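Undergrad: According to our numbering, the residues represented by the sequence shown are 564 to 665, in order. Every residue gets a Cβ at the ideal spot worked out from N, C-alpha and C, and that includes glycine. Computed from a predicted model, the values in this text were never measured in an experiment. Next up is a structure, given as structure tokens.
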Amino acid sequence: MKKKDLLEKISSKVGCTTKIAQNVLSEFQYVLLEELKKSNTVPVLGIGQLKIVKRSPRQGVNPSTKEKIEIPAREVPKLAPSKKLKELVAGEISDIYDSFEY
């Protein structure tokens, strides 16, 4: 699905223009990233929890030279899926609208 398709689908379901849907989606993204940077954990309703986790340093191999390299520790984003999302993907839930609470 492309961004245009997503915006059209949202605008038709909500009953607004695609421009309004785009503005809402952009603000949602901005707030989500701002909060993630500030608190390291953000709930994404019905989907799960987006958080920043620290990866430990590790040994790696440069694929072109086969030389061993040290990969430093760093923080990366991670989505911890909700129980409902896991059930939906596993096929245990068939009706999306009855399954999620917002």
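So what does A643 bridge to, in DSSP terms?
TA: Q612.
Undergrad: Give the straight-line distance between the Cα atoms of R618 and G578, rounded to the nearest whole angstrom.
TA: Using only the alpha carbons, I get a separation of about 43 Å.
Undergrad: Which residues bound the alpha helix (DSSP H) around I583?
TA: Where I583 is concerned, the enclosing alpha helix (DSSP H) stretches over 581-602.
Undergrad: Is E638 helix, strand or coil when you go by DSSP?
TA: Correct three-state label for E638: strand.
Undergrad: Could you please give the first and the last residue of the uninterrupted beta strand (DSSP E) stretch that includes G623?
TA: 621-624 is the extent of the beta strand (DSSP E) around G623.
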